[in-house]
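Asker: Protein sequences, first through last, are from chains A and B.
Those letters in the first sequence? Residues 1 to 137, per the numbering used here, in order.
Those letters in the second sequence? Residues 1 to 137, per the numbering used here, in order.
This is the structure I have questions about; it appears just below.
There are 2 protein chains.
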Amino acid sequence: MKESERQLKEFGIRPTAMRILVHQFMSGQTSAVSLSAVEDNFEKSDRTTLYRTLKTFEEKCMVHQIDDGTGIPKYALCNHDRDEGKHADLHLHFHCTECNQTICLTEHRIPTIHLPDGFVPEDINMLVKGICDNCNH
Amino acid sequence: MKESERQLKEFGIRPTAMRILVHQFMSGQTSAVSLSAVEDNFEKSDRTTLYRTLKTFEEKCMVHQIDDGTGIPKYALCNHDRDEGKHADLHLHFHCTECNQTICLTEHRIPTIHLPDGFVPEDINMLVKGICDNCNH
DNA sequence: CATTAAATGCACTGCCATTGCACGTACATA
DNA sequence: TATGTACGTGCAATGGCAGTGCATTTAATG
């Protein structure tokens, strides 16, 4: 896909074959993916490469890392439609304890929080665990 | 302290010497502690014992586990003053990226969230990262 | 084509949660 | 007091997964 290549360039990432494939893969996902998941999808490639690929994507703010409480970091493409600046991941994340999938609820902004005096917030992470729509039927 | 012993019994935990000590230790903490932190404080005892001690405390709902994004689980005594039922940890957690401490902001309840249709919430985790009061001076 | 930087693959380290097993200790019951 | 049983503790080992160092390959540039 030329589209993936274009996107990569847009974020200042050199569009290598591997990176294009990984981007395509992530574009096709409805939920966040773990490194292992990517690994399983590209058995030909090395774990380290994929690891660093995701890191690069993250540094360039093309994907954001999600901590869904499983201890295994997940990654998802950022949604830059709405201009969220550097904090492109300031939305709600939902982790389904049934199917073990983690999805971004980009519609649901994290409500503003008032902290005690002297506390300066820099990043906010909000995670809801439960049963997702799919598993509820 | 007889107090720690009393508390343990109250939660249905047999008050062994080790458990009493761990409880006392946690009572004296202002921030959440990791297993390693407890370990460092009780060099005489075994890591496994402390690990299982914390697990037991958690199962009996005397402490709650906190995921502060560091990948290392932290534990803190639950605040049962306000009756939160099983969800005694439904408050905000703050992780200071400077001193690396994680504290419970029990005053700050997590705001109610409206999820899309079909999504059933069971647990909510909200974490703010930033600079704490202490490190700000 | 030559030079240089970046990307990739391999081997390895290391942290830390978690588990299996054996031994010790408290508690209940006769 | 003896004895059995469940629970607590300690040791050793496993295993998952993040992260790193280094050598090799690939791509970009003049």
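C-beta atoms are modelled at their ideal positions from N, C-alpha and C, and glycine is treated no differently.
(1) Could you tell me whether any Cβ in chain A is nearer than 8 Å to the Cβ of B:Glu84?
(2) B:His23 to B:Ser4, Cα distance in whole Å?
(3) Buried or exposed: where does B:Cys99 fall if 16 or more other Cβ atoms within 10 Å of its Cβ makes it buried?
(4) Name the chain B residues whose beta carbon is nearer than 9 Å to that of A:Leu35?
(5) In chain order, which alpha helix (DSSP H) runs of at least 4 residues are fully inside the region 13-98 of chain B?
(6) Residues in its own chain within less than 8 Å of A:Arg14 by CB, not counting five upstream and five downstream?
(7) Quick one: give me the first and last residue of the alpha helix (DSSP H) that A:Leu141 is part of.
(8) Provide the residue(s) that pair with B:Leu127 in DSSP beta bridges, ordered along the chain.
(9) Please classify B:His93 as buried or exposed, where buried requires at least 16 other C-beta atoms within 10 Å of its C-beta.
(10) So, is the C-beta of A:Thr97 closer than 8 Å to a C-beta in chain B?
(11) Pull up the CB-CB distance for A:His95 and A:Thr102, whole angstroms please, since I reckon it's below 8 Å.
(12) So which residues of chain B does A:Met126 contact, with C-beta pairs closer than 7 Å?
(13) Should the region 116-124 of chain A be regarded as contacting the region 116-123 of chain B, the criterion being three or more beta carbon pairs within less than 8 Å?
(14) Can you tell me the Cα-Cα spacing of A:Thr30 and A:Lys129, whole angstroms?
(15) Can you give me the C-alpha to C-alpha distance between A:Lys86 and B:Thr16, rounded to a whole angstrom?
(16) Check the Cβ-Cβ distances between A:Leu90 and every residue of chain B, and say whether any is below 8 Å.
(17) Mind listing which residues of the region 39-62 of chain B have their C-beta closer than 7 Å to chain A's C-betas, in chain order?
(18) Closest to B:Ile72 by C-alpha separation, out of B:Gly12, B:Ser36 and B:Asn41, would be which residue?
Answerer: Taking the definition as stated:
(1) Along the second sequence, one-based indexing puts residue 84 of chain B at 84. With a pLDDT of only 48 at B:Glu84, under 50, the local geometry of the prediction cannot be trusted, and the value read off the model is given with reservation. By this cut-off, B:Glu84 is not an interface position.
(2) Residue numbering aside, residue 23 of chain B sits at position 23 when the second sequence is read from its first letter. Residue numbering aside, residue 4 of chain B sits at position 4 when the second sequence is read from its first letter. Each residue's Cα considered, the two are about 6 Å apart.
(3) As a first step, residue 99 of chain B is located in the second sequence; it is residue number 99 there, counting from the start. Flag for B:Cys99 reads exposed.
(4) Position 35 of the first sequence, counted from the start, is the residue given in the question as residue 35 of chain A. Near A:Leu35 there are no residues of chain B at all, since even the closest Cβ is about 14 Å away, more than 9 Å.
(5) 17-27, 35-41 and 47-59
(6) Taking the first sequence and counting its residues from 1, the one referred to as residue 14 of chain A is at position 14. Around A:Arg14: Leu8.
(7) Residue 141 of chain A cannot be examined here, being either before or after the span of chain A that is shown, 1 to 137.
(8) On the second sequence, residue 127 of chain B is found 127 positions in, with the first residue counted as 1. B:Leu127 pairs with A:Asn125 and B:His93.
(9) Within the second sequence, residue 93 of chain B is the residue found at index 93, counting from 1. Classification of B:His93: buried, given that the 10 Å Cβ count is 16 or more.
(10) Within the first sequence, residue 97 of chain A is the residue found at index 97, counting from 1. True, the Cβ-Cβ gap to chain B drops below 8 Å.
(11) Position 95 of the first sequence, counting from 1, holds the residue named residue 95 of chain A. Position 102 of the first sequence, counting from 1, holds the residue named residue 102 of chain A. Between A:Thr102 and A:His95 the Cβ distance is about 5 Å, and since that is below 8 Å, they are a contact.
(12) Translated into the one-based positions of the first sequence, residue 126 of chain A becomes position 126. Those are Met126, listed as they occur along chain B.
(13) no
(14) Working through the first sequence from its first residue, we reach residue 30 of chain A at position 30. Working through the first sequence from its first residue, we reach residue 129 of chain A at position 129. Distance between the alpha carbons of A:Thr30 and A:Lys129: 17 Å.
(15) For the purposes of this step, residue 86 of chain A is taken as residue 86 along the first sequence, with counting starting at 1. For the purposes of this step, residue 16 of chain B is taken as residue 16 along the second sequence, with counting starting at 1. Any answer about A:Lys86 is weak, because its pLDDT of 47 lies below 50 and its placement is not dependable; what the coordinates show is given next. Distance between the alpha carbons of A:Lys86 and B:Thr16: 50 Å.
(16) Indexing the first sequence from 1 puts residue 90 of chain A at position 90. No, no contact with chain B.
(17) none
(18) Translated into positions along the second sequence, residue 72 of chain B becomes position 72. Nearest option by C-alpha distance: B:Ser36.
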